[in-house]
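K.L.:
Structure in structure tokens, see below.
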Amino acid sequence: MLTSEKASSSVISEGRLSMESFETESARRGRQLADLYHRYHIDTEEVDDVQSLPIRFLVEIGKVGLAKYIFKEIIHYKGNAEVILSRPCTYGVFSGPVGGFSPRPHLCVGCLRCTIQHPEFVKVLPNPERLSLGDSYTTHGHIAAIDEEAKKGMVPVRGQGYRGRFGGPGFDGMLTDMSEIVRPSRDGIHGRELIGTSVDIGSKPMHLCFDEKGEIIGNTPKMFNIQVPFIFDIPPGDLGTEKLIRVIDSTSKEIDSLACVTSSDVERMAIDSANIIPVLSIDEAEKSSNFPNARLIQLDGWDSSAVDTARSVSDAMIGVRIKFEEGWQPKLDSAVNHGVEVIHLLADLHGRGEDGQFVTELFKEAHLRLIEQGRRDLVTLIGAGGIIGADHVPKSIISGLDAVALDLPVLFALQGRSAGSLVNRAGVIGNLPKKMDEGWAKQRLTNLCGSWRDQLLEILGAMGIREVRRLRGEFGRSMIVEHLEDEAFEGIAGYVGGGN
Amino acid sequence: MTIAKPSEILIDKTTNLLHNGMNARAFGDFDIPEALGDARWTDELILSTWYMAETGKVPEKLNFKTGNSDGGFDLLRFQFLDESGWVEHSENISTKLDLNRRGDEKNKISIDIPWYGGGMSYGSVSVNVMMSRARNARRWNSFISTGEGGYPAELREVEENVITQVATGYFGVEEDTIQAAPIVEFKYAQGAKPGLGGHLLAAKAGEEVAKLRGSVPFVSLFSPFPFHSTYSVEDHSKHLDWIETVNPKALLSVKVSTPHDVDMVAVGSFYAGAHIIHLDGGYGGTGAAPEIAKKNIAMPIELAIPKVHKFLVAEGVRDRVTLIASGGIRTADDMAKAIALGADGCVLGTSDLIGLGCTRCSNCEGGPSGRGCPWGLTTTDIELQEWVPQDWAVQRLDNLYSAMQWRMRDILRKLGLDDVNQLRGRTDLLQYIPKEASE
Numbered sequence: 000m001l002t003s004e005k006a007s008s009s010v011i012s013e014g015r016l017s018m019e020s021f022e023t024e025s026a027r028r029g030r031q032l033a034d035l036y037h038r039y040h041i042d043t044e045e046v047d048d049v050q051s052l053p054i055r056f057l058v059e060i061g062k063v064g065l066a067k068y069i070f071k072e073i074i075h076y077k078g079n080a081e082v083i084l085s086r087p088c089t090y091g092v093f094s095g096p097v098g099g100f101s102p103r104p105h106l107c108v109g110c111l112r113c114t115i116q117h118p119e120f121v122k123v124l125p126n127p128e129r130l131s132l133g134d135s136y137t138t139h140g141h142i143a144a145i146d147e148e149a150k151k152g153m154v155p156v157r158g159q160g161y162r163g164r165f166g167g168p169g170f171d172g173m174l175t176d177m178s179e180i181v182r183p184s185r186d187g188i189h190g191r192e193l194i195g196t197s198v199d200i201g202s203k204p205m206h207l208c209f210d211e212k213g214e215i216i217g218n219t220p221k222m223f224n225i226q227v228p229f230i231f232d233i234p235p236g237d238l239g240t241e242k243l244i245r246v247i248d249s250t251s252k253e254i255d256s257l258a259c260v261t262s263s264d265v266e267r268m269a270i271d272s273a274n275i276i277p278v279l280s281i282d283e284a285e286k287s288s289n290f291p292n293a294r295l296i297q298l299d300g301w302d303s304s305a306v307d308t309a310r311s312v313s314d315a316m317i318g319v320r321i322k323f324e325e326g327w328q329p330k331l332d333s334a335v336n337h338g339v340e341v342i343h344l345l346a347d348l349h350g351r352g353e354d355g356q357f358v359t360e361l362f363k364e365a366h367l368r369l370i371e372q373g374r375r376d377l378v379t380l381i382g383a384g385g386i387i388g389a390d391h392v393p394k395s396i397i398s399g400l401d402a403v404a405l406d407l408p409v410l411f412a413l414q415g416r417s418a419g420s421l422v423n424r425a426g427v428i429g430n431l432p433k434k435m436d437e438g439w440a441k442q443r444l445t446n447l448c449g450s451w452r453d454q455l456l457e458i459l460g461a462m463g464i465r466e467v468r469r470l471r472g473e474f475g476r477s478m479i480v481e482h483l484e485d486e487a488f489e490g491i492a493g494y495v496g497g498g499n
Numbered sequence: 000m001t002i003a004k005p006s007e008i009l010i011d012k013t014t015n016l017l018h019n020g021m022n023a024r025a026f027g028d029f030d031i032p033e034a035l036g037d038a039r040w041t042d043e044l045i046l047s048t049w050y051m052a053e054t055g056k057v058p059e060k061l062n063f064k065t066g067n068s069d070g071g072f073d074l075l076r077f078q079f080l081d082e083s084g085w086v087e088h089s090e091n092i093s094t095k096l097d098l099n100r101r102g103d104e105k106n107k108i109s110i111d112i113p114w115y116g117g118g119m120s121y122g123s124v125s126v127n128v129m130m131s132r133a134r135n136a137r138r139w140n141s142f143i144s145t146g147e148g149g150y151p152a153e154l155r156e157v158e159e160n161v162i163t164q165v166a167t168g169y170f171g172v173e174e175d176t177i178q179a180a181p182i183v184e185f186k187y188a189q190g191a192k193p194g195l196g197g198h199l200l201a202a203k204a205g206e207e208v209a210k211l212r213g214s215v216p217f218v219s220l221f222s223p224f225p226f227h228s229t230y231s232v233e234d235h236s237k238h239l240d241w242i243e244t245v246n247p248k249a250l251l252s253v254k255v256s257t258p259h260d261v262d263m264v265a266v267g268s269f270y271a272g273a274h275i276i277h278l279d280g281g282y283g284g285t286g287a288a289p290e291i292a293k294k295n296i297a298m299p300i301e302l303a304i305p306k307v308h309k310f311l312v313a314e315g316v317r318d319r320v321t322l323i324a325s326g327g328i329r330t331a332d333d334m335a336k337a338i339a340l341g342a343d344g345c346v347l348g349t350s351d352l353i354g355l356g357c358t359r360c361s362n363c364e365g366g367p368s369g370r371g372c373p374w375g376l377t378t379t380d381i382e383l384q385e386w387v388p389q390d391w392a393v394q395r396l397d398n399l400y401s402a403m404q405w406r407m408r409d410i411l412r413k414l415g416l417d418d419v420n421q422l423r424g425r426t427d428l429l430q431y432i433p434k435e436a437s438e
């Protein structure tokens, strides 16, 4: 994929091709374009923790029992050091200077060999402090996964099989498909090395019109692309500190994505750039002119006159943020009718609309509504709310989005802690590490994005799909557990369907 | 730190402590460890497996039937008859399973229990574990699959009970190991990581492993996805023809994952010549897999079995192919439910390892120590693998299988059946427990 827009546009802007020179000239320009190509890559690098999660396990040792045991062994094995000093732990929990008398529980991975081998005086317990992280939706498991992804920038790989519940609510109720014999390309080890994750932001006309000279007339595509189908949303609650905004700004530039920032912050911090999406309230639409470098400006709510005002003072595309509240559908219709190029749909942080529907259904409804109207490509759908795991990205796109916006994952990628509700955006109380170095934070977010992109590639590779744009609205490449259960268990006594 | 083969005295000490500790937990001498278990393999399920592996009997005080995953097998129960309709529990209740139903000239193979051991490659597990499983399979007139890691010389001793697996990296696939095999298994995909191929981390690709796989020691090994020679069912058919040419008597097994069109895949494989269609569900085990794949890609086995079974019935070929299910099958009850949903038999993997001490800590791939399983199961570490003495492990698996067969017969007799083959597709004997009722 081309990641140098200026360079590519300079090749293209050398003038129109004449029919006489078409062959040689197009070959020359094609070569020039090809020479500009480099494979998109996110530079990940493992970084240290500054505020580690609470350890997974607590290790309790009965010191008297241990002392008796050692004494017994010394007698029994007659001082054989190899035997007496052998430890039941390969991870070093008991390898400190005084062995088991001062265990190092931060090294424990929960293999439980010690407590099985020495049940009389070793206990390994899940750490309640860790289990209490997050809330009923954003669980300690999600937070731990994000923490690991942001630390290492890699796809989490483990042994043994799946450990969780069968299906489940929300995103857990959707499975993605795979193909036994198809892969995205014949190149590379698995064929997924050349899968594209770039997405178009903006509007494509449903058809092009040409005049008699072959010149395009009427609407032309108005869009740009970013290299990953996720952007950073406005930090929820009290998280939007200047430091955090600088971090998401710099990370979005690093990975060629976008960051939504309130217009007041953009102005105050003087960070107007192509990667920043200033978000204005509808009564400040005229301030859109203050952001000459923005490619996309969002208005926080739908109001046709506000959009007109913004358009009249800015060349940027105008997007509209619409909450999944009562009446969101007509707002969506009106906004698209009015030529709004980007719609940013918002659910609460548990992924629910006001009516309690989950985002997969809501995204699907928005997508299908536009399909039925024959206008889907006129607008880019971005969605946010409840997207806290790598698998939620492809599942949202399958549900009809072009891209997703990340909110809470930023907090946990930076090893922040939450206090209280994680449902309403405005109500989020988060504590980022006090001594958060911006370079460290940028690398953590870059790592998270690298890991999520790589996991997206795994999903696409398994399906045999070679670019994420083709995944949009591909409901057929997903499987809904409830539907599968209906098919499998229909007719079995007691089965009533509907996820019950 | 230098890691050397431990002395006999240390092996003796460690194995005694481990074995006594497992028994103490399984027999209830100590409380159940709070950190043990998860939704699929609960603490009681793990301890009951240890109990069965030690005693050969099902426990009275532990739930050895279901997990707590809130779906699938865990919400299915059998509708047993009144006691008056029960068949007497005896060896006359047949658990035999024929694997060749095509009526062709190839091997006529019948196994004594309706399950065999799934593929675990040398490298992902030690020779001790491989040999223990294979020797146990011989006791039960059943099989294990080599997985994709070659054919250690020790396996020759039990080659009548070993399935040679041909997978996408072709590691260790040789003419003589195909010719030695009563069954050859093509692995197209694995349930835990469908569509993603395989990856043996460098730390586990030691000298012996590399030698068998024809590679360089301590270099990561990838099995690509998919077979680079297969882009259609016709290509698949040629694959099977190739094996038939090398070993005309071998049964052909095709192991696939569970995508939405798994029914079509199964029928395609049947017409390509497969004797065994082996479905590996999404919740299956692995030595290493991306977490995102385990949970999200492809469907759980409970949902795939009836889909495939019904389609094969509709195609009129159901009785000419053996349908084997794996991936998340933990207990005799799970196996009986899988058969009632439409499978002929099952493949076990994780259950074997649990029987030998696995606690599902998920560090099979190496973990922070880089040495692999601390219990000595999924490792080729020169010290750790000694914690699994072969004779002990064979007996544990033998006991576990005895208990499982006993329970299988117990289920059959309470349904008024005297042959496991009578259970196939009998969804009328199942009952679904609504989620709220199971809580």
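Just so you know, the protein sequences line up as chains A and B, in that order. Counting from 1, position 407 in the first sequence corresponds to residue 406 in numbering that gives the first Met the number 0; the numbering is continuous, with no gaps. Counting from 1, position 124 in the second sequence corresponds to residue 123 in numbering that gives the first Met the number 0; the numbering is continuous, with no gaps. By construction, the Cβ of each residue, glycine as well, lies at the ideal position given by its N, Cα and C atoms.
(1) Taking DSSP's pairing of strands, which residues face A/N430 in a bridge?
(2) In whole angstroms, what separates the C-alpha of A/K363 from that of B/S214?
(3) Ends of the beta strand (DSSP E) at A/A258?
(4) For B/E438, which of helix, strand or coil comes out of DSSP?
(5) Should B/E438 be labelled buried (16 or more other beta-carbon atoms within 10 Å of its own) or exposed?
(6) Is B/Y400 near the ligand PLP, judged by its Cβ being under 8 Å from some heavy atom?
(7) Could you pull out every residue in the same chain whose Cβ sits closer than 8 Å to the Cβ of A/E324, ignoring the five residues on either side in sequence?
(8) Would you tell me roughly how many angstroms separate the C-alpha atoms of A/I69 and A/I54, rounded to the nearest one?
(9) Using a Cβ cut-off of 8 Å, pull out every chain A residue sitting near B/E364, in sequence order please.
(10) Under 8 Å by Cβ, that's how I've got B/C345 and B/A337 pegged, so tell me the actual separation to the nearest angstrom.
(11) Using a Cβ-Cβ distance under 9 Å, would B/E274 count as near chain A?
(12) To the nearest angstrom, report how far apart B/F29 and A/P118 are at their CA atoms.
(13) Whether or not the segment 274-288 of chain B and the segment 296-312 of chain B are in contact is what I'm after, with contact meaning three or more pairs of Cβ atoms, one per stretch, closer than 8 Å; do they touch?
(14) Thinking C-alpha only, which one of A/I342, A/H141, A/I397 is nearest A/H349?
(15) Starting from the N-terminal side, write out each stretch of the alpha helix (DSSP H) that is 4 residues or longer and does not extend beyond the segment 195-235 of chain B.
(16) Shorter than 9 Å from the beta carbon of A/N79 to some beta carbon of chain B?
(17) Just to confirm the assignment, what range does the beta strand (DSSP E) spanning A/I381 have?
(18) Residues of chain A with CB under 9 Å from B/V255, in chain order?
(19) Please go through the same chain and pick out, in chain order, the residues whose beta-carbon is closer than 7 Å to the beta-carbon of B/K248, but skip the five residues on each side of it.
(20) Take A/Y39 as the anchor and find which of A/C448, A/E473, A/I342 has the nearest alpha-carbon.
(21) Please compile the residues from chain A whose C-beta is within a distance smaller than 9 Å of the C-beta of B/R39.
(22) Can you tell me where the alpha helix (DSSP H) with B/Q404 in it begins and where it stops?
(23) Quick one: which chain A residues come within Cβ less than 7 Å of B/M21?
(24) DSSP on A/T2, reduced to helix/strand/coil?
(25) Assign B/K4 to buried or exposed, taking buried as 16 or more other Cβ atoms, counted over all protein chains shown, within 10 Å of its Cβ.
(26) Return the CA-CA distance between B/V255 and B/A188, expressed in angstroms with no decimal places.
(27) May I ask you to list, following chain order, the residues of the segment 481-492 of chain A that have a beta carbon less than 8 Å from some beta carbon of chain B?
(28) Go ahead and label A/S9 buried or exposed: buried means 16 or more other beta carbons lie within 10 angstroms of its beta carbon, across all protein chains shown.
(29) Could you have a look at B/F115 and say whether DSSP puts it in helix, strand or coil?
(30) From B/S252 to B/I112, what distance separates their C-alpha atoms?
(31) Of all Cβ atoms in chain B, is any one closer than 9 Å to the Cβ of A/S135?
(32) Identify every run of the alpha helix (DSSP H) within the segment 45-71 of chain A, keeping only runs that are complete inside it and at least 4 residues long; order them along the chain.
(33) Does the separation of the CB atoms of A/L470 and A/I396 fall below 9 Å?
(34) Does DSSP put A/M177 in a helix, in a strand, or in coil?
(35) Give me the Cα-Cα distance between B/E385 and B/Q178, rounded to the nearest whole angstrom.
(36) Are at least three pairs of beta-carbons, each pair with one atom in the segment 480-487 of chain A and one in the segment 81-97 of chain A, less than 8 Å apart?
P.N.:
On the basis of the supplied data:
(1) For A/N430, which the question treats as bridged, DSSP gives the partners A/R416.
(2) Rounded to the nearest angstrom, the two C-alpha atoms are 48 Å apart.
(3) That run of the beta strand (DSSP E) goes 258-261.
(4) Residue placement at B/E438 is poorly supported in this model, since its pLDDT is 44, which falls under 50; the coordinates still yield a value, given next. B/E438 falls in the coil class under three-state DSSP.
(5) Note that B/E438 has pLDDT 44, beneath the 50 cutoff, so the model's placement of it is unreliable and no number is given.
(6) The model depicted lacks the ligand PLP and carries no ligand whatsoever.
(7) Within the same chain, A/E324 has close Cβ partners G352, E353.
(8) Rounded to whole angstroms, the gap between the alpha carbons of A/I69 and A/I54 is 28 Å.
(9) Taking a Cβ-Cβ cut-off of 8 Å, the neighbours of B/E364 in chain A comprise V156, R157, G158, given in sequence order.
(10) Indeed they touch by this definition, with Cβ atoms about 5 Å apart.
(11) Residue 274 of chain B is actually His in this sequence, not Glu. Output row for B/H274: interface = no.
(12) Near 7 Å, if we compare the C-alpha coordinates of A/P118 and B/F29.
(13) Short answer: they touch.
(14) Of all alpha-carbon atoms in A/I342, A/H141, A/I397, the one lying nearest the alpha-carbon of A/H349 is that of A/H141.
(15) Counting only runs of 4 or more, we get 206-212.
(16) A/N79 counts as touching chain B.
(17) Going by DSSP, A/I381 is part of the beta strand (DSSP E) stretching over 379-383.
(18) E179, listed in chain order.
(19) Shown here for B/K248: same chain residues with a beta carbon closer than 7 Å to its own, the five before and five after excluded, namely K105, N106 in chain order.
(20) When each option's Cα is compared against that of A/Y39, the closest is A/C448.
(21) The contacting residues are G160, Y161, R162, G163, R164, F165.
(22) Per DSSP, B/Q404 belongs to the alpha helix (DSSP H) from 389-413.
(23) Annotation: Cβ neighbours of B/M21 in chain A (cutoff 7 Å, chain order): I115.
(24) Reliability fails at A/T2, whose pLDDT of 48 lies under 50, so the model's placement of it is uncertain and the value that follows must be treated cautiously. Three-state result, A/T2: coil.
(25) Exposure of B/K4 is indicated by the presence of fewer than 16 other C-beta atoms within 10 angstroms of its C-beta.
(26) Distance between B/V255 and B/A188, taken at the CA atoms: about 5 Å.
(27) Within the segment 481-492 of chain A, the qualifying residues are L483, E484, E486, A487, F488, G490, I491, A492.
(28) At A/S9 the pLDDT is 47, less than 50, meaning the model places this residue with poor confidence; the figure from the coordinates comes in the next sentence. Under this definition A/S9 is an exposed residue.
(29) Note on residue identity: the sequence assigns Tyr, not Phe, to residue 115 of chain B. B/Y115 falls in the strand class under three-state DSSP.
(30) Their Cα atoms are separated by approximately 18 Å.
(31) Not an interface residue.
(32) You should have found no qualifying run.
(33) Against a cut-off of 9 Å, the Cβ pair of A/I396 and A/L470 comes out as a contact.
(34) Reduced to three states, the DSSP call for A/M177 is coil.
(35) Annotation: B/E385 to B/Q178 spans about 31 Å, alpha carbon to alpha carbon.
(36) By the Cβ criterion, the segment 480-487 of chain A is not in contact with the segment 81-97 of chain A, since fewer than three pairs of Cβ atoms, one from each stretch, lie closer than 8 Å.
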